[in-house]
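A.B. asks:
There are 2 protein chains.
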Amino acid sequence: MPARQTKPQTSKPRARRQTSEARPYHHGDLRRVLIDAALQLAAEGAEVSVREAARRAAVSPGAPFRHFPNRDALMAAVAEEAQRRFRAEIEAALAEAPSADPLARFRAFGIAYVRWAIRNPAHFEIISTGRYFAHGSSAELTRDNAELVALTERMLAEAAEQGLLRSTDLKRILIAARALIYGFARMNLDGHCPRWGLAEDEIERMAEGVIDLFIAGIAKH
Amino acid sequence: MPARQTKPQTSKPRARRQTSEARPYHHGDLRRVLIDAALQLAAEGAEVSVREAARRAAVSPGAPFRHFPNRDALMAAVAEEAQRRFRAEIEAALAEAPSADPLARFRAFGIAYVRWAIRNPAHFEIISTGRYFAHGSSAELTRDNAELVALTERMLAEAAEQGLLRSTDLKRILIAARALIYGFARMNLDGHCPRWGLAEDEIERMAEGVIDLFIAGIAKH
DNA sequence: CTCGAAATGTAATCGATGATTACATAATGG
DNA sequence: CCATTATGTAATCATCGATTACATTTCGAG
Chain W
1 MPARQTKPQT SKPRARRQTS EARPYHHGDL RRVLIDAALQ LAAEGAEVSV REAARRAAVS
61 PGAPFRHFPN RDALMAAVAE EAQRRFRAEI EAALAEAPSA DPLARFRAFG IAYVRWAIRN
121 PAHFEIISTG RYFAHGSSAE LTRDNAELVA LTERMLAEAA EQGLLRSTDL KRILIAARAL
181 IYGFARMNLD GHCPRWGLAE DEIERMAEGV IDLFIAGIAK H
Chain V
1 MPARQTKPQT SKPRARRQTS EARPYHHGDL RRVLIDAALQ LAAEGAEVSV REAARRAAVS
61 PGAPFRHFPN RDALMAAVAE EAQRRFRAEI EAALAEAPSA DPLARFRAFG IAYVRWAIRN
121 PAHFEIISTG RYFAHGSSAE LTRDNAELVA LTERMLAEAA EQGLLRSTDL KRILIAARAL
181 IYGFARMNLD GHCPRWGLAE DEIERMAEGV IDLFIAGIAK H
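Residue numbers (our numbering), protein chains in the order written: chain W, 1 to 221; chain V, 1 to 221.
#1: Compile a chain-ordered list of the residues in the stretch 199 to 210 of chain W whose CB is closer than 7 Å to at least one CB of chain V.
#2: Using a Cβ-Cβ cut-off of 8 Å, state whether V/Trp196 counts as contacting chain W.
#3: Could you please tell me which residues of the stretch 116 to 130 of chain W, in chain order, have their CB closer than 7 Å to any CB of chain V?
#4: If you measure from the CB of W/Ala146, is any heavy atom of the ligand FMN nearer than 7 Å?
#5: Anything in the stretch 131 to 152 of chain V with a Cβ closer than 8 Å to a Cβ of chain W? List those residues in chain order, please.
#6: Which chain W residues sit within Cβ distance under 7 Å of V/Ala176?
#7: What whole-angstrom Cβ distance do V/Ala82 and V/Arg56 have, given they're in contact under 8 Å?
#8: Considering only the alpha carbon of each residue, which of V/Ile111, V/Ala176, V/Ala58, V/Leu174 lies closest to V/Glu204?
#9: Strictly below 7 Å CB to CB, what residues from chain V border W/Asp29?
#10: Identify, in the order they occur along the chain, each residue of the same chain with its Cβ nearer than 7 Å to the Cβ of W/Ala160, setting aside the five sequence neighbours on each side.
#11: V/Phe184 CB to nearest chain W CB: under 8 Å?
#12: In angstroms with no decimal places, state the Cα-to-Cα distance between W/Met178 and W/Ala95.
#13: Can you pull the chain V residues whose beta carbon is under 7 Å from the beta carbon of W/Gly110, in chain order?
#14: Suppose the cutoff is 8 Å on Cβ atoms and the five residues either side in sequence are ignored; what does the same chain contact list for V/Leu165 look like?
#15: Identify the continuous alpha helix (DSSP H) that holds V/Tyr182 and give its terminal residues.
#16: Could you check the C-alpha separation between W/Ala199 and W/Phe124 for me, to the nearest Å?
#17: Just checking my contact of W/Asp72 with W/Ala134 at CB under 8 Å: how many whole Å lie between their CB atoms?
#18: I'd like to know if V/Met75 contacts chain W, where contact means its C-beta is closer than 8 Å to some C-beta of that chain.
#19: Whose Cβ in chain V lies nearer than 7 Å to the Cβ of W/Asp190?
#20: Does the beta carbon of V/Gly163 sit closer than 8 Å to a beta carbon anywhere in chain W?
#21: Can you check whether the CB of V/Tyr132 is closer than 8 Å to the CB of V/Met75?
#22: When we look at the beta-carbon of V/Arg84 and count the other beta-carbons within 10 Å, is it buried (16 or more) or exposed?
#23: With 16 as the cutoff for other CB atoms within 10 Å, does W/Pro61 come out buried or exposed?
#24: Quick check: what's the CA-CA separation for V/Ala185 versus V/Asn145?
#25: Where does the unbroken alpha helix (DSSP H) through W/Pro194 begin, and where does it stop?
#26: Going along chain V, which residues have a C-beta under 9 Å from W/Arg172?
#27: Which chain V residues sit within Cβ distance under 7 Å of W/Ile218?
#28: In terms of residue numbering, what span does the alpha helix (DSSP H) encompassing W/Pro121 cover?
#29: Based on DSSP bridge pairs, tell me the residues matched to V/Leu165.
#30: So, with DSSP's three-state summary, where would you put V/Leu151?
#31: Taking the continuous alpha helix (DSSP H) assigned at V/Val59, which residues delimit it?
#32: So what's W/Leu34 in DSSP terms, helix, strand or just coil?
#33: Is it the case that the Cβ atoms of W/Arg107 and W/Ile211 are separated by a distance below 8 Å?
#34: Which residues mark the beginning and the end of the alpha helix (DSSP H) in which W/Tyr68 is found?
#35: Going along chain V in order, which residues have a C-beta closer than 9 Å to the C-beta of W/Ser167?
#36: Could you check the C-alpha separation between V/Ala77 and W/Ala93 for me, to the nearest Å?
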């Protein structure tokens, strides 16, 4: 361990801006870069640590705490970004679904939901678990999620109004539907699928089959 | 930092065994105690750390590593114990279910499954997630879980043989059933239930309702 | 324009944790 | 009875989240 250096840094502050090499003292948008680094870390399956995110942003270990009061706040921001992407993909899928048939829309919703979860396991995990930051700490995340729930609710209510369902216990159907879809997505995440003996792409088709089975179960006739 | 002490400890080794106060150098069954401490830590919602388990066992921080090569191994042992209890409760519930009606047995299975998951959230999490230790690192855990899956499979196959099911795609039905039950249990764990506006005990009744809905959906007529 | 306040990054440091090593002590069996 | 082995202790390390004091840059009010 070298003796404490009080002020060793060679001060080369003048004539900076010109040379493109010298990294400016202030990072362009560190907050954004940190979120992206954390997202990438998660996607790589690594544990998301503030320090590693800082390392990837080429910044000191303490810098992130200027933008996030603690690790959980960073994770919450990561979750918000992931949720944004999740929701965007689901809404894109619904935009292509027939607007008249609520059960077909529900099917499209479920398939898009599971697909994204399968293809973005780490991000889905962060979104759905509430174990990486204080639950409800992000209003945006809570609101986004509530809207997705409301979306499902509306589709099923519409189906009921059109007399497409056998049962009228909407609350029960809604919860069952969510449990089925969430459960399927989670089983992948939690490694319950290798035992099924299904290849990657077969899993997505199985998801369609399972959702169809459920719809057939709740549909009239 | 004090200078290294080579052998400072006052050797008071004689005349020990008599006095009941002096904790013996060797712990009775540290392995067992560590697992119990870790189980309790998890149940309390705290993070399970090797050090804290050692602390509760009144033992040095390095001691646990005589029994577990690393933290994951301890967690795997904890998971094995939890899985044992989980399976025991499910089999107890099945022992009381009518042996003739496979769908009633499936219902009892599902309810017992969800009940245990709701009442032992932290333990269920450790069992089911495979995020606390290397997946498949415990042969016992894998085997136990596979047996539960096989159990469900048998019940549904039996129902099919008795002509109770509308569809003959057993694999699809099995996966849907597991997704539904696992999903319901997970939604609780992951905090998706407060939004349902259900009280603690209502959730368990809702689980029964959801399982009944599913059974009605796959049953003939 | 300038100067001082606010924003943002750095350096040093703390306490907790998982892990490893050298060493101390107890249990066991030949 | 003693030596081998099992088991616990002490000391130490690297990593991490977090905090604090300090340095640098930005930006707006006068």
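Just so it is clear, CB atoms sit at the ideal spot from N, CA and C, and this is done for glycine as well. Remember, predicted model here, so these are calculated numbers, not experimental data.
C.D. replies: If we stick to the structure as given:
#1: So the close ones are Met206, Gly209, Val210.
#2: The count along the second sequence starts at 1 and reaches residue 196 of chain V at position 196. By this cut-off, V/Trp196 is an interface position.
#3: Answer set for the stretch 116 to 130 of chain W: Ser128, Thr129, Gly130.
#4: Ligands displayed in this structure: none; no statement on the ligand FMN is therefore possible.
#5: So the close ones are Arg131, His135, Ala146, Val149.
#6: The sequence position of residue 176 of chain V within the second sequence is 176, counting from 1. Near V/Ala176 (Cβ distances below 7 Å), the residues of chain W are Leu180, Val210, Leu213, Phe214.
#7: Within the second sequence, the letter at position 82 stands for residue 82 of chain V. Within the second sequence, the letter at position 56 stands for residue 56 of chain V. Not really, about 18 Å apart at Cβ, beyond 8 Å.
#8: Here residue 204 of chain V corresponds to residue number 204 of the second sequence, with the count starting at 1. The option with the nearest alpha carbon to V/Glu204 is V/Ile111.
#9: Against the first sequence, residue 29 of chain W aligns to sequence position 29. None at all; the shortest Cβ gap to chain V is about 32 Å.
#10: Taking the first sequence and counting its residues from 1, the one referred to as residue 160 of chain W is at position 160. Correct list, in chain order: Thr168, Leu170.
#11: Along the second sequence, read from residue 1 onward, the residue named residue 184 of chain V stands at position 184. At a cut-off of 8 Å between beta carbons, V/Phe184 contacts chain W.
#12: Locating residue 178 of chain W in the first sequence gives position 178, where the first residue counts as 1. Locating residue 95 of chain W in the first sequence gives position 95, where the first residue counts as 1. For clarity, residue 178 of chain W is Arg in the given sequence; the question names Met instead. Their Cα atoms are separated by approximately 20 Å.
#13: Along the first sequence, read from residue 1 onward, the residue named residue 110 of chain W stands at position 110. In chain order: nothing, as chain V lies at least about 11 Å away.
#14: What you label residue 165 of chain V is simply residue 165 of the second sequence in a count that begins at 1. So the qualifying residues of the chain are Leu156, Ala159, Ile173, Ile218, Ala219, Lys220.
#15: Sequence index remark: in the second sequence, residue 182 of chain V carries index 182 (1-based). Taken as a continuous stretch (DSSP letters only), the alpha helix (DSSP H) holding V/Tyr182 covers 170 to 189.
#16: Position 199 of the first sequence, counted from the first residue, corresponds to residue 199 of chain W. Position 124 of the first sequence, counted from the first residue, corresponds to residue 124 of chain W. Take the alpha-carbon of W/Ala199 and the one of W/Phe124: they are about 20 Å apart.
#17: For the purposes of this step, residue 72 of chain W is identified with residue 72 of the first sequence, where counting begins at 1. For the purposes of this step, residue 134 of chain W is identified with residue 134 of the first sequence, where counting begins at 1. Rounded to whole angstroms, the Cβ separation of W/Asp72 and W/Ala134 is 6 Å, and the two are in contact under 8 Å.
#18: As a position in the second sequence, residue 75 of chain V is number 75, starting the count at 1. For V/Met75, the answer is no, since every Cβ of chain W falls outside 8 Å of its Cβ.
#19: For this step, residue 190 of chain W is matched to residue 190 along the first sequence. What W/Asp190 touches in chain V, judged by beta-carbon distance under 7 Å, is Ser128, Thr129, Gly130, going in chain order.
#20: Along the second sequence, one-based indexing puts residue 163 of chain V at 163. By this cut-off, V/Gly163 is not an interface position.
#21: As a first step, residue 75 of chain V must be located in the second sequence, where it is residue number 75. As a first step, residue 132 of chain V must be located in the second sequence, where it is residue number 132. The Cβ atoms of V/Met75 and V/Tyr132 lie closer than 8 Å to each other.
#22: As a first step, residue 84 of chain V must be located in the second sequence, where it is residue number 84. It counts as exposed.
#23: Counting from 1 along the first sequence, the entry for residue 61 of chain W is found at position 61. W/Pro61 is exposed by the Cβ-count criterion.
#24: The sequence position of residue 185 of chain V within the second sequence is 185, counting from 1. The sequence position of residue 145 of chain V within the second sequence is 145, counting from 1. Taking the Cα positions, V/Ala185 is about 16 Å away from V/Asn145.
#25: In the first sequence, residue 194 of chain W corresponds to position 194, counting from 1. W/Pro194 -> no alpha helix (DSSP H), and no H or E assigned at all.
#26: In the first sequence, the residue the question calls residue 172 of chain W occupies position 172. For W/Arg172, the residues of chain V that pass the 9 Å Cβ criterion are Met206, Gly209, Val210, Asp212, Leu213, in the order they occur in the chain.
#27: Numbered from its first residue, the first sequence carries residue 218 of chain W at position 218. Here the neighbours are Gly217.
#28: Translated into the one-based positions of the first sequence, residue 121 of chain W becomes position 121. Its alpha helix (DSSP H) spans residues 121 to 129.
#29: The residue labelled residue 165 of chain V in the question sits at position 165 within the second sequence. Within the DSSP secondary-structure output, V/Leu165 pairs in a beta bridge with V/Ala219.
#30: Within the second sequence, the letter at position 151 stands for residue 151 of chain V. Of the three classes helix, strand and coil, the one that applies to V/Leu151 here is helix, per DSSP.
#31: The residue labelled residue 59 of chain V in the question sits at position 59 within the second sequence. Where V/Val59 is concerned, there is no enclosing alpha helix (DSSP H), given that its DSSP letter is neither H nor E.
#32: Sequence index remark: in the first sequence, residue 34 of chain W carries index 34 (1-based). Here W/Leu34 sits in helix by DSSP.
#33: For the purposes of this step, residue 107 of chain W is taken as the residue at position 107 of the first sequence. For the purposes of this step, residue 211 of chain W is taken as the residue at position 211 of the first sequence. Against a cut-off of 8 Å, the Cβ pair of W/Ile211 and W/Arg107 comes out as a contact.
#34: The residue you call residue 68 of chain W lines up with position 68 of the first sequence. According to the sequence provided, residue 68 of chain W is Phe. The question's Tyr does not apply to it. It is not in any alpha helix (DSSP H) - W/Phe68 carries neither H nor E in the DSSP assignment.
#35: Here residue 167 of chain W refers to the residue found at position 167 of the first sequence. Chain V residues near W/Ser167: Leu213, Ala216.
#36: By 1-based counting over the second sequence, the position of residue 77 of chain V is 77. By 1-based counting over the first sequence, the position of residue 93 of chain W is 93. The C-alpha of W/Ala93 is placed about 43 Å away from the C-alpha of V/Ala77.
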